[in-house]
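Number 449 marks the last residue of the sequence shown (the numbering used here); no jumps.
By construction, the Cβ of each residue, glycine as well, lies at the ideal position given by its N, Cα and C atoms.
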Amino acid sequence: MELPDTAPPSNPQEKSEPDDLRPDLLSSSAPATAVVEPAPEKLRGVVRLGDRLFAGASRGSGILLLVIMAAIAAFLTVRSVHAIGEDGGNFLTTQGFDITDTPMVFGMSALVLGTAVSAIVAMVLAVPISVGVALFISHLAPRRLAQGLGYVVDLLAAVPSIVYGLWGALFLVPHMLGVNAWLNQYFGWTYVFKQQLPGDQPRSLFTVGVLLAIMVLPIITAVSREIFLQVPRAHEEAALALGATRWEVIRTSVLPFARSGIISASMLGLGRALGETMAVATVLSPQLTLGLHITDPGGSTIAQNIATQFGEASSDGLDALIASGLVLFVITLLVNGGARLIIARRKEYSGANA
Numbered sequence: 096m097e098l099p100d101t102a103p104p105s106n107p108q109e110k111s112e113p114d115d116l117r118p119d120l121l122s123s124s125a126p127a128t129a130v131v132e133p134a135p136e137k138l139r140g141v142v143r144l145g146d147r148l149f150a151g152a153s154r155g156s157g158i159l160l161l162v163i164m165a166a167i168a169a170f171l172t173v174r175s176v177h178a179i180g181e182d183g184g185n186f187l188t189t190q191g192f193d194i195t196d197t198p199m200v201f202g203m204s205a206l207v208l209g210t211a212v213s214a215i216v217a218m219v220l221a222v223p224i225s226v227g228v229a230l231f232i233s234h235l236a237p238r239r240l241a242q243g244l245g246y247v248v249d250l251l252a253a254v255p256s257i258v259y260g261l262w263g264a265l266f267l268v269p270h271m272l273g274v275n276a277w278l279n280q281y282f283g284w285t286y287v288f289k290q291q292l293p294g295d296q297p298r299s300l301f302t303v304g305v306l307l308a309i310m311v312l313p314i315i316t317a318v319s320r321e322i323f324l325q326v327p328r329a330h331e332e333a334a335l336a337l338g339a340t341r342w343e344v345i346r347t348s349v350l351p352f353a354r355s356g357i358i359s360a361s362m363l364g365l366g367r368a369l370g371e372t373m374a375v376a377t378v379l380s381p382q383l384t385l386g387l388h389i390t391d392p393g394g395s396t397i398a399q400n401i402a403t404q405f406g407e408a409s410s411d412g413l414d415a416l417i418a419s420g421l422v423l424f425v426i427t428l429l430v431n432g433g434a435r436l437i438i439a440r441r442k443e444y445s446g447a448n449a
């Protein structure tokens, strides 16, 4: 008897198992693909709705901010046109400012100079001290001491301007006599610190600059401290592993990374110094004079001049004050625009390209 033929059929594919059921195809050599079940339509719709709401809210906030800025600029421009026309367009070079007589005289040269001088003095004094305090809190001080100093800095930023003004008028001004005399003796040759009108009450632009430096110091310190705490720990550890000292770590790893943040913090403080009103009005003796003797009594700023003359101004006088406000608005925009250009050139340190 012949045994039945058990050889495989001539065409093996006719009786072969499906590919998805063959065990040889389920070996580890073929990577398995995870099957992801689609989320229910209801849940997917909720996620997309939330994304749309967030995107719409963010876009609307940005547009609203631009609209507010444009509305402020339009209001200042419209109200300033009449006053600028009456002055003949010479208000930027005129020195006097008198809106009570007829015809009015409102010159911005002395006000712009006083605003710039007081703000520059404040930034020269405040920025190095603020950066040093921020570095001490973030990298040098013990944890408990750093927390206490951080709380004190935050509290200083919350003190009202009028409180700083009263402190400056009653305490700072009398104690600036010795400082002004010392500057006049040793740095009078610079012309800037030469005192031509010495007095017993040094209510000068230099005193205002010192007061503004104290006011903007907590703002710059708080922002710089948070920037320093964001420096990647790996950068500092790598510098330490290469044998760098503590100062070298700060100079090569911390400061380059935080440069754009320091500039932003400084511009934030400069914005407050340019627009500070009550503290300056309390300390400064208003006097529209052009000169670089910053320790002489007198001087005036745009914000202080608006605050002191607003209550007695007529309708035309209000237009003149608004025109001076427009000048301050333009100066602030130019300063912030310049800061943005500097930051854009330092994007490699700010992580913007990451």
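As computed with DSSP, S409 is found in no beta bridge at all. Beta-bridge annotation (DSSP): P392 is paired with S299. Here V200 has G191 and D193 as same chain residues with Cβ atoms under 6 Å from its own Cβ, once five neighbours each way along the sequence are excluded. Looking at the DSSP output, D193 shares a beta bridge with V200. Where P381 is concerned, there is no enclosing alpha helix (DSSP H), because DSSP gives it neither an H nor an E. Taking a contact to require three or more Cβ pairs closer than 8 Å, the segment 263-275 and the segment 314-326 do not qualify as touching. G393 places its beta carbon 8 Å or farther from that of T403. Nearest neighbour of I167 by Cα position, chosen from L307, I438, G157 and L421, turns out to be L421. Shown here, P237 sits in coil according to DSSP, grouped into three states, outside any helix or strand. Look at the beta carbons and you see the segment 248-259 not touching the segment 343-353: under three pairs across the two are nearer than 8 Å. Counting only the Cα atoms, L379 lies some 11 Å from S213. Cβ-Cβ distances below 6 Å link I397 to L206, T210, S419 and L423 in the same chain, with the five nearest sequence neighbours on each side left out; the list follows chain order. Shortest Cα-Cα distance from L251 to any of I389, A334 and P313 involves P313.
Looking at the backbone, the Cα of G151 and that of A165 are separated by about 21 Å. Distance from the CA atom of I358 to the CA atom of L436, rounded to whole angstroms, is 11 Å. Inside the segment 255-328, DSSP marks whole alpha helix (DSSP H) runs of 4 or more residues at positions 256-262, 268-282 and 300-324, from first to last along the chain.
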